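Going left to right, the sequence shown walks through residues 0 to 738 as numbering that gives the first Met the number 0 numbers them. From the three backbone atoms N, C-alpha and C, an ideal C-beta is built for every residue, glycine too. The structure displayed is predicted, hence computed values, not measured ones. Structure, as structure tokens:
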Amino acid sequence: MNSPATRGRNGRSRRAPRGRSRFRLPMRYLLPTTFLVALLAMLMLRGYVHSEILADHRVRDADYNTRVPKDVRSGGPVIDARSGDATTLRIPDRRIVLTFDDGPDPVWTPKVLDKLKEYDAHGVFFVTGNMAARYPDLVERMVAEGHEIGLHTFNHPDLSYQSTGRIDWELSQNQLALAGAAGIRTSLFRPPYSSFSYAMDNKSWPVTEYIGSRGYLTVVNDTDSEDWKRPGVRAIVERATPKGGKGAIILMHDSGGDRSQTVAALDTLLPDLAERGYTFTRLTTALDAPSAHTPVTGSALWKGRAFVSAVAVSERITGVLVVGLAVIGVLVLARFGLMLLLSFLHARKVRRRNFGWGPPVTRPVSVLVPAYNESACIEATVRSLAASEHPIEIIVIDDGSTDGTADLVEAMRLPRVRVVRQRNAGKPAALNNGIRHARYDIVVMMDGDTVFEPATVRELVQPFGDPRVGAVAGNAKVGNRDSLIGAWQHIEYVMGFNLDRRMYDVLGCMPTIPGAVGAFRREALDRVGGMSEDTLAEDTDVTMALHRDGWRVVYAENARAWTEAPESVQQLWSQRYRWSYGTMQAIWKHRRAVIERGPSGRFGRVGLPFVSLFMVVAPLLAPLIDVFLLYGLVFGPTGRTVAAWFGVLVVQAVCAAYAFRLDKERMTHLISLPLQQILYRQLMYVVLLQSWITALTGGRLRWQKLRRTGAVEAPGGSSGRRPQGPGAAAGAVDRRPYV
0 MNSPATRGRN
10 GRSRRAPRGR
20 SRFRLPMRYL
30 LPTTFLVALL
40 AMLMLRGYVH
50 SEILADHRVR
60 DADYNTRVPK
70 DVRSGGPVID
80 ARSGDATTLR
90 IPDRRIVLTF
100 DDGPDPVWTP
110 KVLDKLKEYD
120 AHGVFFVTGN
130 MAARYPDLVE
140 RMVAEGHEIG
150 LHTFNHPDLS
160 YQSTGRIDWE
170 LSQNQLALAG
180 AAGIRTSLFR
190 PPYSSFSYAM
200 DNKSWPVTEY
210 IGSRGYLTVV
220 NDTDSEDWKR
230 PGVRAIVERA
240 TPKGGKGAII
250 LMHDSGGDRS
260 QTVAALDTLL
270 PDLAERGYTF
280 TRLTTALDAP
290 SAHTPVTGSA
300 LWKGRAFVSA
310 VAVSERITGV
320 LVVGLAVIGV
330 LVLARFGLML
340 LLSFLHARKV
350 RRRNFGWGPP
360 VTRPVSVLVP
370 AYNESACIEA
380 TVRSLAASEH
390 PIEIIVIDDG
400 STDGTADLVE
410 AMRLPRVRVV
420 RQRNAGKPAA
430 LNNGIRHARY
440 DIVVMMDGDT
450 VFEPATVREL
460 VQPFGDPRVG
470 AVAGNAKVGN
480 RDSLIGAWQH
490 IEYVMGFNLD
500 RRMYDVLGCM
510 PTIPGAVGAF
520 RREALDRVGG
530 MSEDTLAEDT
540 DVTMALHRDG
550 WRVVYAENAR
560 AWTEAPESVQ
570 QLWSQRYRWS
580 YGTMQAIWKH
590 RRAVIERGPS
600 GRFGRVGLPF
610 VSLFMVVAPL
620 LAPLIDVFLL
630 YGLVFGPTGR
640 TVAAWFGVLV
650 VQAVCAAYAF
660 RLDKERMTHL
670 ISLPLQQILY
680 RQLMYVVLLQ
690 SWITALTGGR
700 LRWQKLRRTG
710 AVEAPGGSSG
720 RRPQGPGAAA
730 GAVDRRPYV
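Structure, rendered in structure tokens:
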């Protein structure tokens, strides 16, 4: 028997081509995945070159020196263990080798180089690989100006703690960064935390022997300026000055902290020693030896350049991310501040005893219920409307349902209820068809899975007492909030939607009349051409069109509607993906409002930027908060990172608590708010990112019909009888797209 996977569209079986995989990852999944993987790689690379990954900051105490050869302990600062028998070398008299450790540093290394150039002096820079990879131009300048380069490991660990494998890795990565920065290799090496030859002990000497076996000269020092202690310019000069005209390797630093005293000391040390007949030279020149530098060619050169380029990209990206984090921090705090302030002003305004929109609206209105395969909940919807306290006519537009939705409504035989049947054409077409059949000049729109309270329609239409009002947004509430996903959406609806609507009402740029509960002046709809099919968010599209036509769009907090939110991650993804993409489409469609005059221009220059900033840009950047939370937890600083994240959470909790108080909701659901920020919010991020990618790649998205259970009812109401039509049996779900 043929499996469904091998059947053609006509039902006949066909074989899949051999050797060819049938699985293809859609571009809308591939691009977000690639983006996230690349971002993770860049952050890991940044942590690597900033010594936050694989770094070891332990420093061992001094040990016995019984295994160190006496000739080494009493010898010079250059140790040659390449042949197996260690020898040491000293710098000839009147020659100075200035050495600078831990760089290059973007602030202090250029100043050190400037001083050396000013006095025609040369030296040796023992660079760390992580700094060389981040500032390759400085390494290139060192070589170009005649200085010598030595290795100082990649991450600056105490090598006496490390295995030979880790030592090799530190050397190779240091050479890789050097090859990418200046196109050279070097044979000079200085161990981190080293000092004099006589300080070699039983732990550091084996490392020196191993380094020698790898072909390196180990360079310590015999004159320590102790500039890292910042003892003052005079003290640094005194400690760096050799005694009796002897030659010396002087230890200084061009990185690792404030090196202003080092730079100032060079201004005194260089001319003073020059007057005494000293010359400042490279190490190999002082020893009359061949150059320590070897040009790198071929694949080694390209690997080094690729590594340095990748580090540069990661630095720029993380720099942009840090700026983005600052931007999103400002936006989040600004949005929360505006939400609290403007919501307070809105509630204070509409809850005054003498507040009124104008003359009470008592005339009948038309209620449109577009329905496609809503047999599970259509009866509850219609019964809730039939109990309305306001005179209404109910028009159910059956959009080609195959589950007997229209038959169920007709079988109810309720007064003032009409069924309009049409071929499947999509929700906007169904609403426009309903508008054509409506008898009254105010049209209420709702979804087929929503139930109204008896007072909902009355509260919803009262703002039309103001002749300037063209549309009214109601208060959509989640009915199925018992599950964890439902509770999270309940928080989102109360805080993210209804608190937002209060803010947008005061600002005069309400972006969306919710499809679950909204009302329109028919004249206003006629002037903007009705419900458009240009976007997937026809409710946002028509709302923006009304603003541009000069109509007021307001929020009625007491017009409550209870809707069934998606109960699975897949259904939630489909719904929010369509919402996000449709909102972007609507913003793009009405973009010309920015340059127009009159009401359209006012909305374009106030409403569109505001909506774009808080509904598209800010949510897209918001994941940076969580990205840096994870980065801080893994790589530090953990304490400050956690404190900052909890600070944002507290601000959100305050806004959520205020929103719940305004809506007179129980606060117990806010217990799941922290978990919502960790899990639910991430899903919304990915959905928005996928919507962006779909828009940028020119993809198209179709309406999706979500599965409904019919479990939602208004408080104190009844959900009605269970569905009876075709396909209404348990488990029978029509997943045909709503197009």
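Assigned secondary structure, residue i (DSSP; H/G/I helix, E/B strand, else coil)
i, result
"residue 558", "strand"
"residue 20", "Legend: pLDDT at residue 20 = 48, less than 50; position of this residue unreliable, value from coordinates given subsequently. Correct three-state label for residue 20: coil."
"residue 64", "coil"
"residue 506", "helix"
"residue 499", "helix"
"residue 214", "coil"
"residue 586", "helix"
"residue 739", "Missing from the structure shown is residue 739; the chain here goes from 0 to 738 and no further."
"residue 664", "coil"
"residue 125", "strand"
"residue 388", "coil"
"residue 365", "strand"
"residue 512", "coil"
"residue 352", "coil"
"residue 142", "helix"
"residue 59", "coil"
"residue 279", "strand"
"residue 600", "helix"
"residue 553", "strand"
"residue 564", "coil"
Unbroken alpha helix (DSSP H) run spanning residue i, endpoints
i, result
"residue 323", "297–349"
"residue 643", "637–661"
"residue 169", "163–181"
"residue 456", "455–460"
"residue 546", "537–547"
"residue 409", "404–411"
"residue 293", "No alpha helix (DSSP H) contains residue 293, which is instead part of the beta strand (DSSP E) from 292–294."
"residue 51", "Residue 51 -> no alpha helix (DSSP H), and no H or E assigned at all."
"residue 609", "607–611"
"residue 591", "Taken as a continuous stretch (DSSP letters only), residue 591 belongs to no alpha helix (DSSP H), as it is neither H nor E."
"residue 71", "69–72"
Integer Cβ distance of residue i from residue j, believed to fall under 8 Å
i, j, result
"residue 679", "residue 487", "4 Å"
"residue 342", "residue 672", "Wrong, their Cβ atoms sit about 18 Å apart, outside the cutoff."
"residue 264", "residue 494", "Not really, about 60 Å apart at Cβ, beyond 8 Å."
"residue 364", "residue 393", "Residue 364 to residue 393, Cβ: 10 Å. No contact."
"residue 459", "residue 473", "5 Å"
"residue 121", "residue 145", "5 Å"
"residue 267", "residue 94", "Not confirmed; about 19 Å, so no contact."
Nonlocal neighbours in the same chain, by C-beta distance under 8 Å from residue i, ignoring five residues either side
i, result
"residue 92", "244, 245, 246"
"residue 648", "672, 673, 676"
"residue 85", "68, 70, 71, 78, 79, 207, 208, 211"
"residue 614", "510, 582"
"residue 103", "124, 126, 130, 131, 134, 137, 138, 141, 253, 254"
"residue 344", "505"
"residue 502", "337, 338, 341, 342, 345"
Segment limits, beta strand (DSSP E) that includes residue i
i, result
"residue 525", "Residue 525 -> not in any beta strand (DSSP E); alpha helix (DSSP H) instead, spanning 521–527."
"residue 392", "391–398"
"residue 94", "94–100"
"residue 283", "Unbroken run through residue 283 is the alpha helix (DSSP H), 282–285; no beta strand (DSSP E)."
"residue 417", "416–421"
"residue 149", "147–150"
"residue 87", "86–88"
Beta-carbon proximity list for residue i, same chain, < 7 Å, skipping 5 on both sides
i, result
"residue 628", "640, 644"
"residue 409", "418"
"residue 716", "Below a pLDDT of 50, predicted positions are generally treated as unreliable, and residue 716, at 49, falls in that range; the measurement from the model is reported next regardless. Contacts found: 383, 450."
"residue 600", "592"
Proximal residues to residue i (C-beta, below 6 Å), its chain only, five neighbours per side dropped
i, result
"residue 128", "153, 172, 173, 176"
"residue 464", "356, 357, 358, 360"
"residue 548", "526, 527"
"residue 169", "152, 153"
"residue 519", "442, 470"
"residue 203", "159"
Check: residue i C-beta below 7 Å from any heavy atom of the ligand HEM
i, result
"residue 610", "What this structure holds is no ligand at all, so the ligand HEM is not there to describe."
field: Whole runs of the alpha helix (DSSP H) within the stretch 435–497, excluding any shorter than 4 residues
entry: 455–460, 483–490
- request: Identify every run of the alpha helix (DSSP H) within the stretch 179–261, keeping only runs that are complete inside it and at least 4 residues long; order them along the chain.
  value: 203–212, 232–239
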